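> Below is the structure I would like to discuss, written out as structure tokens.
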Amino acid sequence: MAFLTDAALGSGISELLKVVIFVAKQTINFKSNLKTLTTTLKSVEPTFENMGKLHKALERPKEETDQFIQLLKSGQDLVKKCSTVPCWNVYLTYIYSRKLVDLDKSIVKFFNIQVQGLGFLTSLRAEVGVEKCNDKLDWIMQNMKIRDSGFSFWGSVPGVPHGVVGFDQPLKDLKEMLLKEKEIVKVISAPGGCGKTTLAKMLCHDPDIQKIFGKNILFVTVSKSASITVIVEKIFKCRLPEGKLPDFQNDNDAINHLEYLLQQLSPSPILLVLDDVWSDWESLIDTLTFSLPYYKILVTSRFSFPRFNPVYELKILNDQDAMTLFRRSAFPKDGSSRIPDDLVEKTVKGCKGFPLALTVVGRSLYGHPEVTWRLKQKKWSDGKSILDTDRELLDCLQTSLDDLDEINDSSIKDCCLDLGSFPEDQRIPATTLMDMWAELYNLDDEDMVTFSNLLELSFRNLVTLVCTSRQTENEVDGFCNENHVTQHDMLRDLVIHQCNREPIENRRRLIIEITGNDFPKWWTEEVFQPIHARLLSISTDKNFSSSWLPLTLPAVEVIVLNCCSGLYTIPQFIKRMDQLKVLIITNNGSSFSKLSNFHLLGSLPILRRIRLERVSLFCLNTSLLALMNLQKISFTMCEIGKAFENGTLDLPCVFPNLTEIEIDCCDDLVELHVGLCEVVSLKKISITYCNELSALPEEIGRLRNLEVLRLNSCTKLLELPESIGNLHKLTVLDISDCLSMSNLPRRVGELRALKTFHMRGCQGLSELREVPSSVKDLTLLEKVICDEGASHLWESYRSHLKNLKVEEVKEDVFESLMRVISPFQHF
């Protein structure tokens, strides 16, 4: 291939630079990434041209540069692909942004290594340099012969801690993954304190693993501040514990020595364990991935590294195993004591399944009398957490939070700290977090940036991001609308501990938990008022009477109210929150909360977003309520049918500037209020999993600014009104899993702006012989997602729809049934 020549170092850089500059002019995505890459390429281009000539003059092996030249070639392909990524596809944008960052880092890394090694390369021309190189290789061979003569190498793998509990199944699963999967790299991922290192040690000492890999198990702890040379030295020490290490000239030299060492061990199986790898060392894994037979790398990390699939997600201990581990630490002699069982159970529950927490707390209580145990319980019940009383555990977890300070985007850590606003063991809709963050941090391209933040937190194992939909293609708004987030209770405690470091009056986030009607003591003390928090979270239980005390918070922009009671009153003090932009009310009880005082929201001058979940809203009084600046309102699993039954309700007066409404899993919604069709400011309507909705009003055609109409899983919806043809700005139409719909309106072809049409799961439509002939006028239509075998409906219009791509989705009956069932029924 002409591209792979000695002179291609310079030409490869030049060609890549041309592609980057060209693509940067053609796409609105990746502007900052491409700008950074352009600066890097312009900086290194002259040096690489000379370096290519130097390599040729020194008659260096072509393999030294071929790998980098291939990187440049793949870089060209990557940048070209970036130009095809739609601006609305947040997931692909996030993935390709990371790839561009990795490409830039790889180029800088190769440049730095080569520049540092130029002197070394030149010296190799001298005979003495060649002799030294040969001496090093002879030294390695001699040491290997000495060590192979009978020396035991098990000292390189640390021992397994005594009394490990609950890892039998994880060990079995990990061993199967390591031996059966063909990929070289395997990752064990979990938050700090879950036992990743312990599981890796158990694997290395497993008889089956020892039988396969023998003495070629190399166990290395990768510290956050180590260099490549230091890490390679550690690997050499695993193999040559008593031998003199080579004198590595630089990182590149160290990698060359390591590759040669592993080549001498091959073809015998080799297992390299890299323990506690941080995100900055992702490139190290690539560097150590050599093309050798039977070579495996096992990584333990707090980060998920999704591109190194498969990733083994280590879970916390179940209740039984947690109790066993705790007793072995607190009562090491025989596992029993005179401490009452209920006190032991409460203490174990406070450790929340984290092996490190169970071990640390158990050790701290070993040998202490019952009064010490009860004192610890009292501290926890008084608002302190386990992190306030056990420094070792705090230090372990705090590093994950502190690491967020190193990210250029300062909003990432703020987003993480905001997660403490939601109760334990509750799923948090991703869109709820997006609404908060968009207003708190003034994010541009809010959906894209906020979802990117969620992906980053998931990558760092600070949250678990789950999509209840089986079809990831249903990304109407650039992300999966059925995403939700869960956070481990211990990590939530960490976030709250961080938030509570400041005095109450100076906290940016005020997180309050009320049991019964027992308000915090400071609430009644005027010395703490006013409080200058920007985010307020109040959680109440089922015994709360909704009798609120006064509270002054003039700076609050987001309020999160978590309730459990059947009756819930919006607090009177909310009407004085002049800066409030987002209101979120979530009922975590077993039945709907009847919501009162809703009219207070009319006094909030800049309220922009409202999210309600599992509440009953009985009426909207136009005379008392006018949400002048409200842009988005969301109802999830709510009773709202009666609130919209009033025929005289003037919705344009209540919502004069509303641009988006979401109605999800509201089973009492039978008809869409005709007044909603008069709110002409609406740009998006999303009605999902509303199984009783049977019809849309003919007046829906009046929504002349509507851009997205989502009617996913409305199983009784029979048809779309003909007036839909008036929606000339509509770009996305989603009728997925509308099982009762058997035809399309004749005027569907008048949706001239339509780009994406979701119609999968519509069996009645799939069985049609043809769709209305007017679809030939949908000249901007780019994508249709339909059931397998339904693409024939569009074949006869291919000549008119030049840009159309029809995507068929294959699924069985069970998958279809599971998708139309409300995803929230699983919680």
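Residue numbers for the sequence shown follow UniProt numbering, beginning at 1 and rising by one. Idealized CB from N, CA, C, for every residue including glycine. This structure is a prediction, so every number in the text was calculated from the model and none was measured.
Going by the DSSP bridge assignment, what does His758 pair with across the sheet?
Its beta-bridge partners are Asp734 and Ile785.
> Put Glu750 into one of helix, strand or coil per three-state DSSP.
Glu750: helix per DSSP, three-state reduction.
> Can you tell me which of the three DSSP states Ser364 falls into?
Reduced to three states, the DSSP call for Ser364 is helix.
> What are the partner residues of Lys296, as DSSP defines its beta bridges?
DSSP lists Leu271 as partners of Lys296.
> Nearest-angstrom Cα distance between Lys175 and Ile184?
Distance between the alpha carbons of Lys175 and Ile184: 14 Å.
> Can you find the residues in the same chain that come closer than 7 Å, C-beta to C-beta, to Glu456, ignoring five residues on each side of it along the sequence?
For Glu456, where only same-chain residues beyond five positions count, the Cβ hits under 7 Å are Ile412.
> Is Phe22 helix, strand or coil when you go by DSSP?
Residue state, collapsed to three classes: helix.
> Can you find the residues in the same chain that come closer than 6 Å, C-beta to C-beta, to Val771, ignoring five residues on each side of it along the sequence?
Closer than 6 Å at Cβ, skipping near neighbours: Leu744 and Leu793.
> What are the boundary residues of the alpha helix (DSSP H) that Lys376 is part of?
Run containing Lys376: Glu370 to Ser381, per the alpha helix (DSSP H) assignment.
> From Pro656 to Ile574, what distance separates their C-alpha atoms?
Roughly 22 Å between the two C-alpha positions.
> Going by the CB atoms, is the gap between Leu778 and Gly749 shorter than 8 Å?
Closer than 8 Å, so yes.
> Quick check on Lys805: does DSSP put it in helix, strand or coil?
Three-state DSSP puts Lys805 in a strand.
> Find out if the Cβ-Cβ distance for the pair Ser593, Val615 is shorter than 8 Å.
Closer than 8 Å, so yes.
> Touch check for the stretch 341 to 356 and the stretch 368 to 387: three-plus C-beta pairs under 8 Å?
Touching, yes.
> So, are the CB atoms of Val266 and Leu292 less than 8 Å apart?
The sequence given here places Ser at residue 266; Val does not occur at that position. Taking 8 Å as the Cβ cut-off, Ser266 and Leu292 qualify as a contacting pair.
> Any idea which residues DSSP pairs Pro429 with across the strands?
DSSP lists His484 as partners of Pro429.
> Find the nearest neighbour of Ile107 within the set Leu627, Ser74 and Lys81, judged by alpha-carbon distance.
Residue Ser74 is the option with its Cα nearest to Ile107.
> Cβ atoms of Pro429 and Ser539: under 8 Å apart, would you say?
Not closer than 8 Å, so no.
> Measure the Cβ-Cβ separation of Asp541 and Gly566 and say whether it is below 8 Å.
Against a cut-off of 8 Å, the Cβ pair of Gly566 and Asp541 comes out as no contact.
> What residues in its chain sit with their C-beta under 7 Å from that of Tyr441, if we drop five residues either side in the sequence?
Excluding residues within five positions, the ones whose Cβ falls inside 7 Å are Ser411 and Asp414.
> Taking the C-alpha atoms as reference points, what is the distance between Glu719 and Val466?
Their Cα atoms are separated by approximately 32 Å.
> Check whether the Cβ atoms of Leu535 and Ser452 lie closer than 8 Å to each other.
No.
> Below 8 Å on the Cβ atoms is my guess for Leu583 versus Ile559; work out the distance and round it to an integer in Å.
Confirmed, Cβ separation roughly 6 Å.
> Can you give the beta carbon distance from Gly701 to Leu727, rounded, assuming they're within the 8 Å contact cut?
About 7 Å separates the two Cβ atoms, so the contact holds.
> Which stretch, first to last residue, makes up the beta strand (DSSP E) that contains Val582?
It spans Val582 to Asn587 - the beta strand (DSSP E) in which Val582 sits, taken as one unbroken run.
> Straight-line CA distance for residue 830 to Val485?
Because the chain in this structure spans residues 1 to 827, residue 830 falls outside the shown range and cannot be described.
> Is Thr198 closer than 8 Å to Val220 when the C-beta atoms are compared?
The answer is no: Cβ separation not under 8 Å.
> How is Glu259 classed by DSSP in three states: helix, strand or coil?
Looking at Glu259 - three-state DSSP - the assignment turns out to be helix.
> For the stretch 151 to 219, which segments carrying the alpha helix (DSSP H) assignment without a break, of at least 4 residues, lie completely within its bounds, in sequence order?
Fully enclosed alpha helix (DSSP H) runs of 4 or longer: 168 to 180, 196 to 205 and 207 to 213.
> Report the start-end ranges of each alpha helix (DSSP H) in the stretch 607 to 682 that is 4 residues or longer and not cut off at the edges.
Those alpha helix (DSSP H) runs which fall completely within the stretch 607 to 682 and span 4+ residues are 651 to 654.
> Measuring straight from C-alpha to C-alpha, what distance separates Cys133 and Asp253?
Caution applies to Cys133, whose pLDDT of 42 falls short of 50 and renders its modelled position unreliable; the value that the coordinates give is listed next. Going from the Cα of Cys133 to the Cα of Asp253 covers about 11 Å.
> In this structure, does DSSP put Glu475 in helix, strand or coil?
With a pLDDT of 46 at Glu475, under the threshold of 50, the modelled position of that residue is not reliable, and the figure given next carries that caveat. Three-state result, Glu475: coil.
> Rounded to whole angstroms, how far is the Cβ of Leu709 from the Cβ of Leu730, which I believe are closer than 8 Å?
About 6 Å separates the two Cβ atoms, so the contact holds.
> Assuming the contact rule is C-beta atoms closer than 8 Å, residue 909 and Pro530 should be a hit. Round their C-beta distance to whole Å, please.
Outside the displayed span of the chain (1 to 827) sits residue 909, for which this structure offers no information.
> Write down the C-beta distance between Val232 and Ile255 rounded to the nearest angstrom, noting that I regard them as a contact closer than 8 Å.
Val232 to Ile255, Cβ: 7 Å. Contact.
> By Cβ distance below 7 Å, which residues in the same chain neighbour Ser400 in space, the five residues on each side in sequence not counted?
For Ser400, where only same-chain residues beyond five positions count, the Cβ hits under 7 Å are Pro191, Gly192, Arg302, Arg460 and Leu462.
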